[in-house]
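Chains as they are written, first to last, in this note's numbering: chain A, 1 to 387; chain B, 388 to 668. Working notes for the structure below.
Laid out in structure tokens, this is it:
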């Protein structure tokens, strides 16, 4: 009954490696998460994000390295001793126990009497608006209701850290959007650390204070949700998050903090350099936000004469409601997308097959440190338009 | 397709339909004859026609002085043995099934050694145990050598059933229990075993019914007191009254009762828990 109640939920993952037989799931990874923050571990399946979560939860132990919570090493401790609680992907509600028994389970394990644990469980159920379902079995609940019960069950021990393994993936789109708002609200209310594993980019951006983009057992970038979206560190992050186009080219000349870069097709662009000073001919990568690109149909563009522009053929158009997603074929291996505000688009609509010029402001470009990786998320797929 | 469905069935339909009819006749026809003849009149014989109707032959079953031998004791013995076999089979198969979830050194070899007895001829297993007991100077008895012989048959079955049951068991239930502070023992008692209960009842049912009508392995090792199938076998060679049929009817009813009770409770449990897959996965 000496449950650590909402102590310091600061998490430090220090040089952690996790190997399963021959495969390395997590490779020498370090990560700090402040107490009381909402952190999303984001990456495609197999990137090691769930393994990290399970090592923090105490369901897996690191092959080497240390995991600390509130400044103390927790390697080898049980979940209860860590003061963590986990919400499982399929919720793992015990099918043979009623909702209230599920929620009160942790208290029963601690030897609390039935009246006491039911009173506490009822309190938690009220918090997630499920008190009316106390005597139902999990099988009699909808997916969203099951998730609320799982949340109540995990929170009954007053954990300092809540770990959520793909908490929304079992829900339909409508519930997913509602529940992610609710998770964020609960986290703010409790003020404890939430770590949420997901492979959905917008979900991470929407709920998290800190987003950790992972690939192949490493961290690609850990930053605020806004920075992940607007200032990706690498081409991998830019491509995976998907709000940016990655431009590639070789340096022609530098000056005034800018490099003039020419791509393989001969198109010119200016990349802001920041602190770096690349040599002439060096390959540079930059990202440009898709909503900062202006499309025009006029044909005055001459390749190699105008900078910060490129010409291409429209090969897909998708109406997203408030904006229209226009995909261009620039004759490179990478797709190039412009998000055109709906008003602007419908004033002068363009069609698939049209030749358009894309222009942008050099200030909206963001130089990338690393141009490799993530091609699978942004490969030009010219067959799509034919389907 | 150009061809219209004329509703004409292919010849394979009629072939298999005829086969199924034969199957049903072979299975239920003789049994039905036995049930009817067990109500043979007091002066009737082993065959038709019925010479009136009576329950005399059922009465003879419980009369230890009748010429058909002490059937009631054999019956009690078989029920007792079946219960013992069921309990031991459940205990060991559940433990082994849970153990086999983790791969360990030699687990494959161990599994095949355990399963191999399913393909060995039962009569020779009994014979072997008989020889083994007499070499050691032990007296065969249904509670020792008989029990052991039957376990060589029920344990591999129990293990295979547990594999199937555990294959569908989501381990995150156990992790969730651990996450909520359950000790290994609490986890077993409060989560794993209750969730596996329908499968465990299935193992018990198999253990009991396999034991209840097991003959080949048991006949040489049951010692001086016979189990029911051995008694029935003996009766077919020396009893010439419809009491034999009455016994068939009673044992069938017992089997139906046991199977019905087991399936009924499994059905009840799983109906209570049925997960509405529609929106949860």
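By construction, the Cβ of each residue, glycine as well, lies at the ideal position given by its N, Cα and C atoms. Small disclaimer: the values here were computed from a predicted structure and weren't measured.
query, result
"Beta carbon proximity, residue 194 of chain A to chain B, threshold 7 Å", "no"
"Complete beta strand (DSSP E) runs within the segment 175-203 of chain A (minimum length 3 residues, chain order)", "193-198"
"Residues that residue 137 of chain A contacts on chain B, provided the C-beta gap is smaller than 7 Å", "659 and 660"
"Which listed residue (A:325, A:272 and A:266) has its alpha carbon closest to that of residue 293 of chain A", "A:325"
"contact_flag[the segment 94-112 of chain A, the segment 176-189 of chain A] where n(CB pairs < 8 Å) is 3 or more", "no"
"C-alpha gap between residue 264 of chain A and residue 241 of chain A, whole angstroms", "25 Å"
"Min CB distance residue 59 of chain A to chain B below 7 Å", "yes"
"Paired residues, beta bridge with residue 261 of chain A - DSSP", "A:251 and A:269"
"Min CB distance residue 465 of chain B to chain A below 7 Å", "no"
"Buried versus exposed call for residue 387 of chain A [16 or more other C-beta atoms within 10 Å across all chains shown]", "Bear in mind that a pLDDT of 33 at residue 387 of chain A, under 50, signals an unreliable position, so the model cannot answer this."
"Minimum Cβ-Cβ distance from residue 429 of chain B to chain A less than 7 Å", "no"
"Those runs of the alpha helix (DSSP H) which lie wholly inside the segment 589-652 of chain B and span at least 4 residues", "615-625"
"Expected contact under 8 Å - CB spacing of residue 245 of chain A and residue 337 of chain A to nearest Å", "6 Å"
"Partners in chain A for residue 581 of chain B, counting only beta-carbon separations shorter than 7 Å", "96"
"Interface residues of chain B facing residue 86 of chain A [CB-CB closer than 8 Å]", "562, 563 and 566"
"Proximity test, Cβ basis, 7 Å: residue 80 of chain A and chain B", "yes"
"Chain B residues whose Cβ lies nearer than 9 Å to that of residue 105 of chain A", "563, 564, 567, 568, 569, 577 and 578"
"Residue-chain proximity (residue 537 of chain B, chain A), Cβ-Cβ < 7 Å", "no"
"Beta carbon proximity, residue 388 of chain A to chain B, threshold 7 Å", "No statement about residue 388 of chain A is possible, as the shown extent of chain A runs from 1 to 387 and does not include it."
"Close-in-space but distant-in-sequence residues of the same chain around residue 55 of chain A (CB under 8 Å, 5 per side omitted)", "13, 16, 18, 26, 61, 62 and 67"
"Three CB pairs or more closer than 8 Å across the segment 273-286 of chain A and the segment 363-382 of chain A", "yes"
"Neighbourhood of residue 354 of chain A by C-beta distance below 6 Å, restricted to the same chain and skipping five residues each side", "314"
"7 Å CB neighbourhood of residue 218 of chain A in its chain, flanking five on each side removed", "27 and 29"
"Segment limits, alpha helix (DSSP H) that includes residue 114 of chain A", "114-127"
"DSSP beta-bridge partners of residue 394 of chain A", "The shown model of chain A, from 1 to 387, leaves out residue 394 of chain A, and the question about it has no answer."
"Below-7 Å beta-carbon distance, residue 663 of chain B vs any chain A residue", "Its pLDDT being 39, under 50, residue 663 of chain B is placed unreliably in this model, and the coordinates cannot settle the point."
"Rounded separation between residue 608 of chain B and residue 424 of chain B - CA only", "32 Å"
"Distance CB(residue 461 of chain B)-CB(residue 623 of chain B) smaller than 7 Å", "no"
"Complete runs of the alpha helix (DSSP H) confined to the segment 203-245 of chain A [at least 4 residues]", "225-230 and 235-241"
"Nearest candidate by alpha-carbon position, reference residue 574 of chain B, set B:588, B:585 and B:558", "B:558"
"Nearest candidate by alpha-carbon position, reference residue 88 of chain A, set A:117, A:72, A:23 and A:196", "A:196"
"Close Cβ partners of residue 441 of chain B (< 6 Å) along its chain, the five nearest in sequence each way excluded", "428 and 429"
"Local conformation of residue 396 of chain A per DSSP, three classes", "Since the displayed chain A opens at 1 and closes at 387, residue 396 of chain A lies outside it and no answer follows."
"Minimum C-alpha distance to residue 466 of chain B - residue among B:615, B:566 and B:498", "B:615"
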